[in-house]
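**Q** FYI, in the working numbering the residues of the sequence shown are 1412 to 1613.
In this text, a Cβ means the ideal position worked out from N, Cα and C, and glycines have one as well.
This one's a predicted model, so the numbers in the text were calculated from it and none came from an experiment.
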Amino acid sequence: MSGVRYAHIISLIFRPSYYPTVAFAVILTMTYLSLLPWQFKLWLLVVVYLFTVLIPWIGIVLYHRIQGWSRAELRLRHRRFIPYLLHIVSYACCFTILKNTHIPSFACALIVASLMLQIGCIIINVWWKISMHSAASGAAIGVIMAYGLLWGYNPVWWLCALLLLSGCVMSSRMVLRQHSLSQVLAGCGLGIICGFIGIMIA
């Protein structure tokens, strides 16, 4: 299998929109939230998936069909504003629902961090294209660092795994010629900052 094929697979599996759902699955399994009834945990995962993956995806598909743009045209920097905005609105709705359900703040903070990342990317994207894939992988690193600090545990093994993952994601974006080295590094750096701050302030 060629390197380009591997890069396509990595980019597909580690899409930015999947991270919140995976993160919620982890905290619902590895924290005291695992004591919640399985029906409620399933409901939480469905809500997070709907508002961070399915609804934004449907909105973007409808948007680019209305505009008559191909998927390649939608990747152009100046045409990414509306897709980012759709994600921001959907994530904000998700946060509101979780907050009104009285989900602990450390869990809601995952959506806060994601919102901060989306807003940061949309601002930077006005002037310069940045890698959202890399930003999402960087945010996972920032989140783990923040949780380690808040809960007083050593996340070294998590960090090693996530650094390896982030490196693979950034490499895949460059192999596919979607981003330059500076764009993936900037994305990862922004993700680490937003992930860390988002957890700490929420």
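Please state the DSSP three-state secondary structure of S1542.
**A** It is coil, neither helix nor strand.
**Q** What residue does the alpha helix (DSSP H) around H1498 start on, and which one ends it?
**A** Segment 1492-1511, the alpha helix (DSSP H) holding H1498.
**Q** May I have a chain-ordered list of the beta strand (DSSP E) segments no shorter than 3 residues that lie completely inside the region 1547-1578?
**A** Entirely contained in the region 1547-1578, not one beta strand (DSSP E) run reaches 3 residues.
**Q** Quick check on P1431: buried or exposed, where buried means 16 or more other Cβ atoms within 10 Å of its Cβ?
**A** That one is buried.
**Q** Distance, Cα to Cα, A1436 vs T1463?
**A** Straight-line Cα distance between these residues: approximately 14 Å.
**Q** Measuring alpha carbon to alpha carbon, tell me which residue in L1453, W1454, P1494 is nearest L1473.
**A** Considering only alpha carbons, the answer is P1494.
**Q** Nearest to C1571 by CA position, among G1549, L1496, R1426, is which residue?
**A** The shortest C-alpha separation from C1571 is found at G1549.
**Q** Does DSSP put I1533 in a helix, a strand or coil?
**A** I1533: helix per DSSP, three-state reduction.
**Q** How do the region 1513-1525 and the region 1589-1596 stand: do at least 3 beta-carbon pairs fall below 8 Å, yes or no?
**A** With the cut-off at 8 Å, the region 1513-1525 and the region 1589-1596 do not touch.
**Q** Beta carbon of I1610, beta carbon of A1520: below 7 Å?
**A** For I1610 and A1520, yes; Cβs fall inside 7 Å.
**Q** Provide the residue span of the alpha helix (DSSP H) that contains S1591, from first to last.
**A** Premise fails: S1591 is in no alpha helix (DSSP H) and is neither H nor E.
**Q** Going by Cα to Cα distance, which pick from L1560, I1555, I1530 is closest to M1543?
**A** That would be I1530, whose Cα lies nearest to the Cα of M1543.
**Q** Under 7 Å, do A1551 and L1574 count as touching if we go by C-beta distance?
**A** Contact: no.
**Q** In chain order, what residues of the same chain have a beta carbon less than 6 Å from the beta carbon of L1557, not counting five sequence neighbours either side?
**A** The sequence shown places Ala at residue 1557, rather than the Leu named in the question. So the list reads F1607, I1610, M1611, once near-sequence residues are dropped.
**Q** Report the rounded CA-to-CA distance for S1577 versus G1553, giving the unit in angstroms.
**A** Cα to Cα, S1577 sits roughly 12 Å from G1553.
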